[in-house]
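Q: Going left to right, the first sequence walks through residues 1 to 451 as the UniProt record's numbering numbers them. Cβ atoms here follow ideal geometry from the backbone N, Cα and C, with glycine treated the same way. I'd like to ask some things about the structure below.
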Amino acid sequence: MDEQSHLMQTLVGVTLSGHPVALPVPHDGTDARNKQDIGDILHQIMTITDQSLDEAQAKKHGLNCHRMKAALFSVLCEIKEKTGLSIRGSHDEDPPDPQLMRLDNMLLAEGVSGPEKGGGASAVAAATAAVGVGSDNSIEHSDYRAKLSQIRQIYHTELEKYEQACNEFTTHVMNLLREQSRTRPISPKEIERMVNIIHNKFSSIQMQLKQSTCEAVMILRSRFLDARRKRRNFSKQATEILNEYFYSHLSNPYPSEEAKEELAKKCAITLSQVSNWFGNKRIRYKKNIGKFQEEANLYAAKTAVTATQAVAAAIHNSQTNSPATPSSGFQMKDEDFQLDAAEDKTNLLNNMFTGSSGSYSLPGSGDIFMSMSGLNGSYQPTQLPNTGQTQGDSICHTIGQSLGYSDGLRGNPLYSPHGLNGNGGWHDAVTPSSMTSPIEGANSIHSDTSN
DNA sequence: CTATATGATTAGGA
DNA sequence: TCCTAATCATATAG
């Protein structure tokens with residue numbers, strides 16, 4: 001506080017301006033001695049803060065009781081009168097700091113300094129958690145909100161602490177000034193000014209608090225909202241669902257808009273995340289099929305089990321309900337599979353497949369066979385329906401074969417998986433969403449029978 | 001700490 | 001606009 005130095009200056013000014021009468025020092029007349037006394041007094045004043053409290057108190061008491069005190073006081077009053085003008089002019093300004101305004105606005109916009117909704121971090125977290133499962137990104141959102149309310153809480157407690165400290169300090173200073181007013185003249189205006197100075201100081205501290213709070217919020221924002229900076233892996237379940245779809249549509253892993261939407265919903269991720277995932281998956285799968293073989297087998301087997309059960313059930317159903325053409329019309333193609341039987345059967349199948357955990361409707365199972373065929377190079381998926389074998393047998397067979405080959409094919413550049421042509425693209429990928437015949441490509445590219 | 005996995009971004013093509 | 005391919009930046013496993 002520069003006020004202190006000012007007061008000191010004032011006092012020093014008094015002593016230097018030739019009023020030794022004001023001080024409780026015996027005066028013996030000689031000029032040299034006089035100057036030395038002044039020096040002593042000055043020194044005493046300057047070092048008064050270094051003295052012990054008792055000592056200082058005793059000195060003060062001595063000063064107060066001095067016989068010349070009244071005279072000193074009047075002199076001080078006089079000086080004060082003269083210097084008062086300079087004090088007055090210097091202030092009365094209250095320019096709203098633009099930066100402070102900005103900080104305030106931001107804190108308000110971020111909901112840090114605004115009215116608290118809910119009451120406390122736990123309440124907010126609980127509220128968001130309750131809403132939680134509903135929308136897509138509310139899980140990250142609740143995390144974000146929890147952290148934000150944490151910042152908010154810290155901000156408010158700190159602010160309160162500063163406020164309290166400020167008030168305490170103000171009253172302390174006012175008490176001090178009141179006490180001093182017995183020794184020297186202090187106008188109410190001066191007290192007010194002092195209080196203002198204190199408030200200014202504290203508000204600058206507050207500004208620092210606001211600044212760092214803003215920074216914290218910005219960091220939080222960038223961490224949570226800039227997903228690239230803070231990449232978060234999808235949940236295991238989500239990856240599972242996506243992989244299941246991918247490997248069961250390996251011939252044409254281009255989910256339609258609707259399929260993407262459904263996947264997004266199931267995985268609790270956004271549509272573009274689904275697209276990203278498939279984009280990444282396709283390119284990475286293609287780049288290193290060997291690496292993904294194990295995974296492919298895993299998911300193929302997984303889906304195959306479901307498919308087997310479903311197909312078996314379907315066959316059983318057909319046999320019991322309509323013995324004619326149990327499975328001949330079963331086309332292993334996207335958008336093209338159809339039981340030539342009545343609609344109710346189709347519905348039944350669809351229900352069965354979509355109902356089973358994570359399995360995506362019948363078209364998928366077809367691609368599993370094709371995936372398998374790619375492994376051993378001999379099984380042609382298109383033949384499956386005509387082999388005369390039951391579906392279940394085919395599946396078991398292909399899985400058994402593929403497992404045996406999985407290692408030998410690793411990294412083999414000659415190996416070309418079904419659906420993947422030599423030019424580095426999935427067959428018929430030109431019109432991904434409306435693809436109708438992914439299969440014939442697989443036949444043609446497996447000319448590398450030398451494998 | 002290093003290597004790998006993985007989600008996101010970007011450039012460029014059709 | 002959607003795709004591929006390359007690349008970035010982070011997460012995670014070893």
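Give the single residue among S204, R182, F292 and I269 whose Cα lies nearest to the Cα of A70.
A: Cα-wise, what sits closest to A70 is R182.
Q: Rounded to the nearest angstrom, how far is the Cβ of L76 from that of P188, given a contact under 8 Å?
A: 17 Å between Cβ atoms; not a contact.
Q: Near F292, what residues of its chain come up, given a Cβ to Cβ distance below 6 Å and the 5 sequence neighbours on each side ignored?
A: These residues qualify, in order along the chain: Y285.
Q: Once you ignore the five residues that flank K161 on each side, which residues in its own chain have a CB closer than 8 Å to its CB?
A: Around K161: no qualifying Cβ.
Q: In whole angstroms, what is the alpha-carbon distance linking Q180 and S52?
A: Straight-line Cα distance between these residues: approximately 18 Å.
Q: Near I151, what residues of its chain come up, given a Cβ to Cβ distance below 8 Å and the 5 sequence neighbours on each side ignored?
A: Cβ within range, chain order: V112, T213, A216, V217 and L220.
Q: Assuming L209 contacts E158 (C-beta within less than 8 Å), just tell me the rounded distance between them.
A: Yes, L209 and E158 are in contact; Cβ-Cβ is about 5 Å, under 8 Å.
Q: Output yes or no for whether 9 Å exceeds the beta carbon distance between M207 and L298.
A: No; because the gap between Cβ atoms is not below 9 Å, this pair is not in contact.
Q: Taking only the alpha-carbon atoms, compute the straight-line gap between L100 and H172 and give it to the nearest angstrom.
A: The straight-line gap from Cα to Cα measures roughly 27 Å.
Q: Would you mind sorting E81 into buried or exposed? The rule is 16 or more other CB atoms within 10 Å of its CB.
A: When all chains shown are included, E81 counts as exposed.
Q: Thinking C-beta only, is I191 closer than 9 Å to L177?
A: Against a cut-off of 9 Å, the Cβ pair of I191 and L177 comes out as a contact.
Q: Around the C-beta of A296, are 16 or more other C-beta atoms found within 10 angstroms, so that it is buried, or is it exposed?
A: A296 comes out buried.
Q: Just the Cα atoms here: how many angstroms apart are S251 and Y155?
A: Straight-line Cα distance between these residues: approximately 56 Å.
Q: Out of I283, V274, S256 and I241, point me to the one whose CA is closest to T303's CA.
A: Checking every option, the nearest Cα to that of T303 belongs to I241.
Q: Alpha carbon to alpha carbon, what distance is there between N200 and T83?
A: Taking the straight line joining both Cα atoms gives about 23 Å.
Q: Taking just the CA atoms, how far does N105 sit from T47?
A: Straight-line Cα distance between these residues: approximately 47 Å.
Q: Taking 6 Å as the limit between beta carbons, can you name the residues of its chain near K266, skipping five residues before and five after?
A: I241, listed in sequence order.
Q: Which runs of the alpha helix (DSSP H) spanning at least 4 residues fall entirely within the stretch 238-306, listed in chain order?
A: Those alpha helix (DSSP H) runs which fall completely within the stretch 238-306 and span 4+ residues are 257-267 and 271-287.
Q: Return the chain-ordered list of same chain residues with a C-beta closer than 8 Å to the C-beta of V195, the five sequence neighbours on each side being excluded.
A: Here the set comprises T170, V173 and M174.
Q: Give the DSSP-derived three-state secondary structure of S113 in the structure shown.
A: S113: coil per DSSP, three-state reduction.
Q: Residues in its own chain within less than 7 Å of L263 by CB, not counting five upstream and five downstream?
A: Contacts found: I241, L242, Y245, P255 and V274.
Q: In chain order, what residues of the same chain have a beta carbon less than 8 Å from the beta carbon of S235, not counting five sequence neighbours either side?
A: Cβ within range, chain order: C267 and A268.
Q: Among M68, E55, Q57 and L107, whose alpha-carbon lies nearest the alpha-carbon of L148?
A: Comparing Cα positions, the closest option is L107.
Q: Going straight from the alpha carbon of N288 to that of E294, what length do you get?
A: So the two alpha carbons sit approximately 12 Å from each other.
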